[in-house]
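J.:
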Amino acid sequence: MFSYYKVKKLGEGTYANIYMGYQTKYIGDKFIKEQPDSIDRIVAIKKIKKQEHSSGQEVSAIREIKSLKMIKNSYVIEMIETFSYKNSLYIILEYINHDLEKIIRNKNIIIMPGDIKSWLFMLLSGLKACHDEYFVHRDLKPNNLLICSDGTLKLADFGLTRFISDKMTPYAISRWYRPPELLIGQKHYSFKADMWSIGVIFAEMLLRVPLFAADTDFKQLELICKTLGTPKDSQYQNLDLVGFTLPNYPPVNLKKIFIAATDDALDLLKGLLEFNPNDRLSVESALNHKYFKNSPPATRPNNFTFLSMI
């Protein structure tokens, strides 16, 4: 058993407050008021908010706990333990103090092609562990991808994660990373929804700005068509577009947008950003893509050049 000491508040999410804290040997109570003499490890302490008239917070917490108990992978955040204390639910996680969004936005950091390849491989590997257990993450975005001190990337924030099923809400996944099938309101979707998010994150690593940034679902769909070209009828014949008329934009040469990207990178990106989920790459297909086999090689942990700058 362990005791915990809260050092500082890190942030506040939809359903929890997050603290940085210390884990130590159990000394009479789960939470102690004075800093312990010896520390086992630094941890992230997630305290689930209590809402008198809503069970949404509890549902999200249960989803996170359930998924992290089942998903064990080097590229998925570690859940250390969960417990109830003074009528509040706590989730203790490994502490990782950087995320991909902060690194992408930091103009002082030079991101090398090998860095992007390494992070994308780690991201896909972590996601494969989720999909292998029949979980859809449904909230993949750069600030939910944590970067360890050696450069290793780990998936985090599993509050929207759930088992794949016949019917799910389309109001999952942050809009900028939401696939076309959810933007048009489909409730029947698959693991391929996560793969679209991966493609958008890949593009953001290459460009260092969000690829699709709109403030409504319709504008988001329009921006996708404008950026990638409106798909042909055959590319969305299995999608229910009732109430939606896709704007007509000509095909786009992605090389003009991603000037520095290799042909292999563009081929992988196209496969991830297929409008129709049936045509979109699976996580296994993406991991086996030639992009990961060809030069330049993926950067190894501890060899990321930016590590001294964060």
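Per the numbering used here, the very first residue in the sequence shown carries number 5; after that it's consecutive. In this text, a Cβ means the ideal position worked out from N, Cα and C, and glycines have one as well.
1) Give the DSSP bridge partners of residue 83, in chain order.
2) Return yes when the Cβ of residue 155 is within less than 8 angstroms of the Cβ of residue 251, no when it is not.
3) Looking only at its own chain, which residues have a Cβ that is under 8 angstroms from the Cβ of residue 211, when we skip the five neighbours before and after it?
4) My output table needs one value for residue 54: the three-state DSSP class, helix, strand or coil.
5) Please report the straight-line C-alpha distance between residue 49 and residue 25, rounded to a whole angstrom.
6) Under 8 angstroms between the Cβ atoms of residue 284 and residue 171?
7) Quick check on residue 303: does DSSP put it in helix, strand or coil?
8) Between residue 329 and residue 128, is the Cβ-Cβ spacing less than 8 angstroms?
9) Can you tell me whether DSSP reads residue 224 as helix, strand or coil?
10) Taking contact to mean 3 or more Cβ pairs, one atom from each stretch, closer than 8 angstroms, check whether the stretch 80 to 98 and the stretch 31 to 51 are in contact.
11) If I'm right that residue 317 touches residue 103 with Cβ under 8 angstroms, what's the distance once you round it to whole angstroms?
12) Between residue 356 and residue 144, is the Cβ-Cβ spacing less than 8 angstroms?
13) For residue 8, which option in 15, 32, 16, 14 has the closest C-alpha, if you only look at C-alpha atoms?
14) Look at the alpha carbon of residue 225 and the alpha carbon of residue 207, and state the distance between them as a whole number of angstroms.
15) Would you say residue 118 and residue 303 are within 8 angstroms of each other, going by their C-beta atoms?
16) Do the CB positions of residue 174 and residue 163 come within less than 8 angstroms of each other?
17) Which residue wins for smallest C-alpha separation from residue 79, given the options 125, 86, 64, 192?
18) Cα separation between residue 273 and residue 293?
19) Where do the ends of the alpha helix (DSSP H) carrying residue 132 lie?
20) Have a look at residue 160 and residue 150 and give me their C-alpha separation to the nearest angstrom.
T.: In terms of the structure at hand:
1) According to DSSP, residue 83 bridges with 97.
2) No, they are not a contact pair.
3) 261, 262
4) coil
5) 6 angstroms
6) no
7) Reduced to three states, the DSSP call for residue 303 is coil.
8) The requested residue 329 does not occur in the structure, where the chain is confined to residues 5 to 314.
9) The DSSP-derived three-state label of residue 224 is helix.
10) yes
11) This structure leaves residue 317 out entirely; the chain is present only between 5 and 314.
12) Residue 356 lies beyond the range of the chain shown here (5 to 314); nothing can be said about it.
13) 32
14) 17 angstroms
15) yes
16) no
17) Residue 125 is the option with its Cα nearest to residue 79.
18) 11 angstroms
19) Counting along the chain, the alpha helix (DSSP H) containing residue 132 begins and ends at 117 to 136.
20) 7 angstroms
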